[in-house]
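For the sequence shown, the working numbering assigns the number 485 to the initial residue and increments by one for each residue that follows.
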Amino acid sequence: MSNESIYVIPFEQIEMNLSGVYSHENGEYYRASIIHIDAIPNTDIKRLRLYLIDYGIIIYNVNYHLNSTNLKFLHKNFSTLPTEVYDCRLANIHPPPTSIEWHDDARQFIN
485 MSNESIYVIP FEQIEMNLSG VYSHENGEYY RASIIHIDAI PNTDIKRLRL
535 YLIDYGIIIY NVNYHLNSTN LKFLHKNFST LPTEVYDCRL ANIHPPPTSI
585 EWHDDARQFI N
């Protein structure tokens with residue numbers, strides 16, 4: 485057993501609001517919190533929705549099964565770090581009255 489495997493969150497311990505480290509397929513690690521769980525009928529798979537704490541991004545349809553290793557426990561030193569992103573909005577900023585959505589050029593400018 486590798487030293488890293490002791491940090492893998494066991495399948496039976498997956499629960500809502502559990503925070504950990506998500507190993508993405510791009511090889512990067514992200515602090516994440518489980519915000520939704522769907523059990524896939526007739527399988528040993530849980531489909532997770534993860535919130536990447538420091539990016540404000542939601543990752544949908546992360547399949548977690550008995551042999552999954554992409555979610556690990558978060559060391560307590562890292563769990564107390566403040567988030568690196570905050571959900572916010574600018575007051576009284578909205579699309580023009582002639583539209584219900586922002587124009588693509590405005591979206592690109594903001595991004």
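Where a beta carbon is used, it is the ideal one built from N, C-alpha and C, also for glycine.
The structure displayed is predicted, hence computed values, not measured ones.
*Identity of the residues DSSP links to LYS560 by a beta bridge*: Listed as beta-bridge partners of LYS560 by DSSP are no residues whatsoever.
_Where HIS551 falls, given that 16 or more other Cβ within 10 Å makes a residue buried_ = According to the sequence shown, residue 551 is Asn rather than His. Answer is exposed; the Cβ neighbour count stays below 16.
*What residues in its chain sit with their C-beta under 7 Å from that of PHE569, if we drop five residues either side in the sequence?*
The residue you asked about is not Phe; residue 569 is Val in the sequence shown. Annotation for VAL569: ASP538, TYR539 and GLY540 place their beta carbon closer than 7 Å to its own, counting only its chain and skipping 5 residues before and after.
_Validate contact between the segment 515-530 and the segment 573-581 using beta carbons, cut 8 Å, 3 pairs_ = With a cut-off of 8 Å, the segment 573-581 and the segment 515-530 do not count as touching, because too few Cβ pairs lie within range.
_CA-to-CA distance, TYR548 to ARG515, given in whole angstroms_ = Using only the alpha carbons, I get a separation of about 17 Å.
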